[in-house]
RNA sequence: GCCCCCAUCGUCUAGUGGCCCAGGACGCGGCCCUCUCAAGGCCAAAACAGGGGUUCGAGUCCCCUUGGGGGCACCA
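In the working numbering, the protein residues as written are 34 to 532.
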């Protein structure tokens, strides 16, 4: 809010795997800042590494971001004036800028083999030196370079990092970061296959696309000084850099490993956005949750819809320290947002889960059920356990559960019969018609309402935990309710005679 | 090993020298409500990593230690 200048920001993932919570948050923050300032949000695909390229990754990414509710103004799927938006399609652009750096004497050709490089590092390792390129190809004559390139010798282009002095770059959250140049490598800018590496490609694109704020993960902090060198070598104006904290595993000890990520889904959680969707988390809940991991709002508000976040987001309130993922808080936020949904909306969202569970659901009935389950579920998926019985023809109660608390099977059967007679006499069963007479019945029989209602609950819903009894009966309908009570009486009688 | 970053309740965090014997949220415990389960309401327990400075005064500034994280690739 304090920054009302329209920003140009970008989310620039590499399509190498599944879309993670951390990516979701980075994308979200970029989006929020763009929308808040009336700026531009660009999606750029950083696919310069063909070895790690996963074809489905970009689709999953786009799906997940859209699911979260984000939209972008420029990108590979929507186009825009700064395209192409896939780096693999911008190869010639990078080559051109690499050559410019060479002519500026800020980059050079390097012919060292990967074997020689590995050997070099081994030596540096034992001598406890920084693992940086030793500069062998730094001072090759123009003639020699030309000869070897012509001869078709494999080569890369390296940045000529100054050997003396230091560089100071500025991160919005951390302030100035100064590093001595001797610890910085002569990073490779262009690989031997002619494709640029991130360091060059991202800086060139950010410049060409007019990016004003680079909001990215803190894994880039260590190469940040190099990026500063590249930008300054070209004489470009520097965008504002914001490095977001990393997510730690729930224990707070370390980052989530692949194996641990896979393990998570066993208990209904995941760090992958598409998994969360399938698990029954809703985008409002997930967005609220990740927004608050590393960002806060001063008045202690924690409940935010996407538009609230757009209005209230602020770079200044970002927190640079790593944050442990807290799934119980996700459950809380998800439940919170489910409860604020309109009943019809909830019904619609829950429907695919019933479909997937093999239920045949009637739309009208589902709309009636929605408000009943709304305060009782934390994920959409929970609806099946809570309300599946509404959509079954028959219900199979556990016979033992049909017996009322501190009662015998015979007593329970008797109570069920008396209840049956009352309910059968009603024109229609609902809270208004049924509750009062059944309470009186319980009272007359010397039972707690809980004892009687418990028997009926298990009989009618087939489960000991359910939405409120009479509301449930109203949805199920008189005929089915009576049938189920009759079945329960039979089961109780059978238990009684069995001893 | 080398470089960089971070450090308040179990977790997410508020806190930018006095308003803090540290506030909120999740979770946990208790109570209320209640036909079950939830939801909701109320109450409680729970933290400034350690050591040095600076200052009249430090969670807040500086240094060291410790701990945690990231990076050290022809990955991003």
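Glycine included, every Cβ here is placed at the ideal spot set by N, Cα and C.
The model shown is predicted, which means the values in this text are computed figures rather than measured ones.
For residue j and residue i, the rounded distance between their alpha carbons
i, j, result
"residue 194", "residue 200", "10 Å"
"residue 355", "residue 327", "8 Å"
"residue 475", "residue 485", "6 Å"
"residue 56", "residue 77", "13 Å"
"residue 142", "residue 46", "28 Å"
"residue 285", "residue 332", "26 Å"
"residue 41", "residue 427", "58 Å"
"residue 63", "residue 173", "43 Å"
"residue 317", "residue 465", "36 Å"
"residue 514", "residue 289", "49 Å"
"residue 351", "residue 366", "20 Å"
"residue 166", "residue 150", "8 Å"
"residue 552", "residue 196", "In the structure displayed, the chain extends from 34 to 532; residue 552 sits before or after that span and is not available."
"residue 509", "residue 530", "30 Å"
"residue 239", "residue 117", "13 Å"
"residue 401", "residue 421", "13 Å"
"residue 458", "residue 470", "11 Å"
"residue 504", "residue 498", "14 Å"
"residue 519", "residue 110", "60 Å"
"residue 490", "residue 281", "44 Å"
"residue 494", "residue 449", "14 Å"
"residue 204", "residue 254", "9 Å"
"residue 492", "residue 417", "18 Å"
"residue 361", "residue 287", "19 Å"
Residues near residue i in its chain [Cβ-Cβ closer than 6 Å; skip 5 each side]
i, result
"residue 436", "442, 445"
"residue 511", "462"
"residue 294", "304"
"residue 387", "394"
"residue 19", "What is shown of the chain runs 34 to 532, which leaves residue 19 out entirely."
"residue 363", "322"
Residue span of the alpha helix (DSSP H) that contains residue i, given as start and end
i, result
"residue 142", "That residue, residue 142, is in no alpha helix (DSSP H); its beta strand (DSSP E) goes 140 to 143."
"residue 96", "90 to 101"
"residue 262", "257 to 267"
"residue 188", "Neither: residue 188 is in no alpha helix (DSSP H) and is coded neither H nor E."
"residue 493", "482 to 494"
"residue 159", "147 to 159"
"residue 271", "Counting along the chain, residue 271 falls outside any alpha helix (DSSP H), and DSSP gives it neither H nor E."
"residue 107", "Segment: none, residue 107 is in no alpha helix (DSSP H) and carries neither H nor E."
"residue 367", "360 to 373"
"residue 122", "Where residue 122 is concerned, there is no enclosing alpha helix (DSSP H), given that its DSSP letter is neither H nor E."
"residue 179", "175 to 183"
"residue 520", "511 to 531"
"residue 79", "First-last for residue 79: undefined, no H or E at that position."
"residue 231", "231 to 241"
"residue 342", "339 to 345"
"residue 348", "Premise fails: residue 348 is in no alpha helix (DSSP H) and is neither H nor E."
"residue 383", "376 to 389"
7 Å Cβ shell around residue i - same chain, five flanking residues per side excluded
i, result
"residue 232", "220, 222, 256, 259, 260, 263"
"residue 60", "44, 98, 103"
"residue 393", "424"
"residue 48", "78, 80, 86, 87, 90, 91, 94"
"residue 408", "372"
"residue 37", "70"
"residue 137", "266"
"residue 186", "144"
"residue 528", "432, 442"
"residue 191", "140, 141, 143, 166, 219, 220, 221, 222"
Where the beta strand (DSSP E) containing residue i begins and where it ends
i, result
"residue 199", "199 to 204"
"residue 246", "246 to 250"
"residue 211", "208 to 213"
"residue 44", "41 to 44"
"residue 164", "Taken as a continuous stretch (DSSP letters only), residue 164 belongs to no beta strand (DSSP E), as it is neither H nor E."
"residue 223", "221 to 223"
Contacts around residue i, its chain only, beta-carbon distance under 8 Å, and the 5 residues preceding and following it disregarded
i, result
"residue 250", "55, 59, 276, 277, 279"
"residue 329", "350, 352"
"residue 188", "142, 143, 144, 181, 182, 225"
Margin query: Which runs of the alpha helix (DSSP H) at least 4 residues long sit entirely within the segment 275 to 324? Give them in chain order.
Written below: 291 to 297, 306 to 312, 316 to 324
Margin query: Counting beta carbon pairs with one atom in the segment 198 to 215 and one in the segment 254 to 266, are three or more of them shorter than 8 Å?
Written below: yes
Note to self: Between the segment 219 to 236 and the segment 176 to 186, can you find at least three pairs of beta-carbon atoms closer than 8 Å?
What the structure shows: no
Notebook entry, point to check: On the three-pair Cβ rule with 8 Å, is the segment 271 to 287 touching the segment 242 to 250?
Noted result: Yes, since at least three Cβ pairs between the segment 271 to 287 and the segment 242 to 250 fall closer than 8 Å, the two stretches touch.
Next item on the list: Enumerate, from N- to C-terminal direction, the unbroken alpha helix (DSSP H) stretches of 4 or more residues contained entirely within the segment 48 to 72.
Entry: 54 to 70
Margin query: My parser needs the alpha helix (DSSP H) runs of 4 or more residues fully inside the segment 392 to 476; what are they?
Written below: 396 to 406, 415 to 420, 432 to 435, 442 to 457
Check: Given 8 Å as the limit, is there contact between the segment 234 to 242 and the segment 158 to 172, that is, 3 or more CB pairs closer than that?
Finding: no
Notebook entry, point to check: Counting pairs of beta carbons, one from the segment 338 to 348 and one from the segment 64 to 72, are three or more of them closer than 8 Å?
Noted result: yes
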